[in-house]
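Peer 1: Sharing a structure here in structure tokens format.
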């Protein structure tokens, strides 16, 4: 970099490195940021993913500078880091091979002073600043301080948390840029170097912290004791000695943030001069588009089952729309004032506390969990009844019934205005104190502390207060929050199984009249579960076949295509000159690699709304950045690399509960052909202790599909479906006297650099069979 500066200066170009700056007596970051502000172009050498450089690069992006990310692609470690960090892929990079001459020539071939517009592309379709929004991304691991900070921020009812749903790196840069843009403050939590995934997380967080600083958003960076502060942003960093000091410092910092009447103004230009009908397909995370979701939500038969109250357990892979379905069901059910709707979304730390009690109480954990769930659900329904009855016209006698229920809750020490976390904390504290009476058995102690003998009266009074409703609908989501790496999965599975059994008993109890004058209440409870979690629950259930499950799948490509089409219809600009046709005609080029665009997009993504939205948004952002009038084939192919890394990372997250290192196993597929015989797959998986178990898991998560007819490879989801398809594949292979053939799903091939041999085998079938005709 020093030689590059000297070379540029010798050619009359004004160039500086940070070493040339007058920093004596100055706050280093302020001086560096001032120099970036004065520059038109910023070169950032990111081969080592240095946190200082990444922060400065993020700041340059936030100031809308012409940003060059430089990398010595001859350095194997550098290329590996670039792939693992992944967040910077949408910016692109300049490979200079360690040559000053190559680097300098990049300046002379790209020295246009025209406004680059990269920031505009990333922020396109973003929302205006929100005064109470704080960007606080989650950590990939949950140690005590991380949990304490998340708990502290979640409890701040005056704050709206953004970016906290997934670990940094799962979403594309455009998503984080928009979330930071609409925030009023940002808090980034860095990991000590010895922590798992520290390098990747800290690199992403440093870049995004620089972006936030460049967008003039108050930014705080915190790190645990032992963290060596990067030189540049040392003055913005707080290294905390304890969890308590961390939350105290963050609280004080938030309280000192200035408020401004002009705080909601836009910081940059969001209306682009590119003639594209839309600037975004919306968020792929349902929680981040709650207000807009109803504009393009697709009603499915599974959704109708929930609305009728038929569905008890709603199971789907990550990204299939479970949370979106719950949010929409809550909204639609509440439109009918005859429904009392109870939405339950416990946070991760609440669930962790509950599970810890079950593990440590010393009694039968199944009994503890069932008692806890009964207490929590009974009181949650009762609190909702009191709150909602107070805000509507009640039928004759409803006032007295509600008052009686309120008095009963008060006698139990429960306030109807408290959320479930307060009741859970109180219950957990009582159980952990273990204030046993002389001779009291475990179950007697648990029943007394959880007021189990009072739940009958509570049910009777709740029935009286809910007679004005035709139905009480309870919907429970977020149970995967405690399902993270390092958790006790055996206890977790029993914890969820206890909820499922409690759900059934509560439905029966509420339908039974409390006395001769009262009627029963139609109670429906629906639990939303990730498919991999349900598989573990089924393993510990005595009779798993008796658990009523509604599984959501998106194998119908017409329905999946509508996910994008409905969003396009809702978001397109009426002023766009060519926004009158079909989505695929309006916005996309005709074909990619010889295949129709629509077929190609469906073929390259896993059949889930999240995945197709992710790929479409990445392609759209790429087209905007490149100033294209439509999404061209090259935009889709570039976005495909980002999506493939996203799909890969998401699959790794789903494997946390397995007894094998999936990431290492999957990289064994790197460089092979997409289609393999059973022997070839076993050879690839030879490092695994139990190759059969791995193949089974890869099949039920759609990574591997099997050939069940000539050229027809089926990728399925779920344990039962995987077993069925493997049987069909064996019978087909026996009839053909050929070995069983497997095929890697196209979603993962780009990241693993797997050859697309199915593009050249002359076969043709639908998206659902994962085969594409070259014609």
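Residue numbers (our numbering): 118 to 892.
Where a beta carbon is used, it is the ideal one built from N, C-alpha and C, also for glycine.
Please return the same chain residues whose Cβ sits closer than 6 angstroms to the Cβ of residue 853, not counting the five positions on each side in sequence.
Peer 2: So no residue of the chain qualifies.
Peer 1: Does chain D have any CB closer than 8 angstroms to the CB of residue 323?
Peer 2: This model lacks chain D altogether, as it is built from one protein chain only.
Peer 1: Could you compute how far the alpha carbon of residue 812 sits from the alpha carbon of residue 436?
Peer 2: Distance between the alpha carbons of residue 812 and residue 436: 22 angstroms.
Peer 1: Assign residue 793 to one of three DSSP states: helix, strand, or coil.
Peer 2: Correct three-state label for residue 793: strand.
Peer 1: How many whole angstroms separate the CB atoms of residue 99 and residue 336, which I take to be in contact at a CB cut-off of 8 angstroms?
Peer 2: Since the first and last residues shown for the chain are 118 and 892, residue 99 lies out of range.
Peer 1: Taking the alpha-carbon of residue 297 as reference, which of 329, 310, 306, 200 has the nearest alpha-carbon?
Peer 2: That would be 329, whose Cα lies nearest to the Cα of residue 297.
Peer 1: To the nearest angstrom, how far is the alpha carbon of residue 184 from that of residue 159?
Peer 2: Those two C-alpha atoms are separated by around 5 angstroms.
Peer 1: Are residue 620 and residue 457 close, meaning C-beta to C-beta below 8 angstroms?
Peer 2: No. Outside cutoff.
Peer 1: Buried or exposed: where does residue 570 fall if 16 or more other Cβ atoms within 10 Å of its Cβ makes it buried?
Peer 2: Counting Cβ neighbours within 10 Å, residue 570 comes out exposed, since fewer than 16 surround it.
Peer 1: Is it the case that the segment 401-412 contacts the segment 358-369, given that we only count it when at least three CB pairs across the two stretches are under 8 angstroms?
Peer 2: Because the criterion of three Cβ pairs below 8 angstroms is not met, the segment 358-369 and the segment 401-412 do not touch.
Peer 1: Helix, strand or coil: how does DSSP classify residue 179 here?
Peer 2: Three-state DSSP puts residue 179 in a helix.
Peer 1: Count Cβ pairs between the segment 763-777 and the segment 708-719 that sit closer than 8 angstroms; are there 3 or more?
Peer 2: No: the two stretches stay apart, fewer than three of their Cβ pairs being nearer than 8 angstroms.
Peer 1: I believe residue 315 touches residue 168 by the beta-carbon criterion, under 8 angstroms. Please report the beta-carbon distance rounded to the nearest angstrom.
Peer 2: Not confirmed; about 11 angstroms, so no contact.
Peer 1: Does the distance from the CB of residue 688 to the CB of residue 238 come in under 8 angstroms?
Peer 2: Cβ atoms of residue 688 and residue 238: not closer than 8 angstroms.
Peer 1: Might you give, ordered along the chain, the residues of its own chain that have their beta carbon closer than 6 angstroms to the beta carbon of residue 878, omitting 5 neighbours on each side?
Peer 2: Because residue 878 sits at a pLDDT of 43, beneath the cut-off of 50, its placement in the model cannot be relied upon, and the following sentence gives the value as read from the coordinates. No residues qualify anywhere along the chain.
Peer 1: Here's a check: name, in chain order, each residue in its chain whose Cβ is nearer than 6 angstroms to the Cβ of residue 76, leaving out the five neighbours to either side.
Peer 2: This structure cannot speak to residue 76, because the chain is shown only from 118 to 892.
Peer 1: Can you name the start and end residues of the alpha helix (DSSP H) that residue 818 belongs to?
Peer 2: It is not in any alpha helix (DSSP H) - residue 818 carries neither H nor E in the DSSP assignment.
Peer 1: For the beta strand (DSSP E) containing residue 313, list its first residue and its last residue.
Peer 2: Premise fails: residue 313 is in no beta strand (DSSP E) and is neither H nor E.
Peer 1: Three or more C-beta pairs under 8 angstroms: does that hold for the segment 568-584 against the segment 481-496?
Peer 2: Judged by Cβ distances under 8 angstroms, the segment 568-584 makes contact with the segment 481-496, as three or more pairs qualify.
Peer 1: Quick check on the DSSP output: the alpha helix (DSSP H) that includes residue 669 runs from which residue to which?
Peer 2: Segment: none, residue 669 is in no alpha helix (DSSP H) and carries neither H nor E.
Peer 1: Just to confirm my understanding: we take residue 131, look at its own chain, exclude 5 residues before and 5 after, and list those with CB closer than 6 angstroms. What are they?
Peer 2: Same-chain partners within the cutoff: there are none.
Peer 1: Tell me which residue opens and which closes the alpha helix (DSSP H) that residue 581 is part of.
Peer 2: Per DSSP, residue 581 belongs to the alpha helix (DSSP H) from 572-582.
Peer 1: Give the DSSP bridge partners of residue 641, in chain order.
Peer 2: Residue 641 is bridged to 590.
Peer 1: I want to know whether the segment 652-662 touches the segment 442-453 - three or more CB-CB distances under 8 angstroms.
Peer 2: They do not touch, by the three-pair rule.
Peer 1: Output the boundary residues of the beta strand (DSSP E) element that contains residue 357.
Peer 2: 354-357 is the extent of the beta strand (DSSP E) around residue 357.
Peer 1: Run through the DSSP bridge pairs and tell me what residue 431 is partnered with.
Peer 2: Partner(s): 645, 667.
Peer 1: Buried or exposed, going by whether 16 or more other CB atoms sit within 10 Å of the CB of residue 817?
Peer 2: By the 10 Å Cβ count, residue 817 comes out buried.
Peer 1: By the three-class DSSP mapping on this structure, what secondary structure does residue 122 have?
Peer 2: Of the three classes helix, strand and coil, the one that applies to residue 122 here is helix, per DSSP.
Peer 1: Can you say whether residue 506 is buried or exposed, counting buried as having 16 or more other CB atoms within 10 angstroms of its CB?
Peer 2: When all chains shown are included, residue 506 counts as buried.
Peer 1: Rounded to whole angstroms, what's the CA-CA distance from residue 165 to residue 844? Just pull it up for me.
Peer 2: Residue 165 and residue 844: Cα-Cα distance of roughly 48 angstroms.
Peer 1: Counting only runs of 4+ residues fully inside the segment 752-783, write out the alpha helix (DSSP H) ranges in chain order.
Peer 2: Qualifying alpha helix (DSSP H) stretches, in chain order: 779-783.
Peer 1: Per DSSP, residue 834 is paired with what?
Peer 2: In the DSSP output, where bridge partners are listed per residue, residue 834 has 818.
Peer 1: Would the segment 250-259 and the segment 273-287 be scored as touching if the rule is three or more Cβ pairs under 8 angstroms?
Peer 2: Judged by Cβ distances under 8 angstroms, the segment 250-259 makes contact with the segment 273-287, as three or more pairs qualify.
Peer 1: Figure out for me which residue from 528, 586, 565, 332 has the closest Cα to the Cα of residue 453.
Peer 2: Taking only the C-alpha atoms, the option nearest residue 453 is 586.
Peer 1: So if DSSP puts residue 461 in a beta bridge, which residue, or which two residues, is it bridged to?
Peer 2: DSSP, once it has assigned bridges, lists 593 as partnering residue 461.
Peer 1: Taking the straight line between their C-alpha atoms, what separation do you get for residue 665 and residue 543?
Peer 2: About 33 angstroms.
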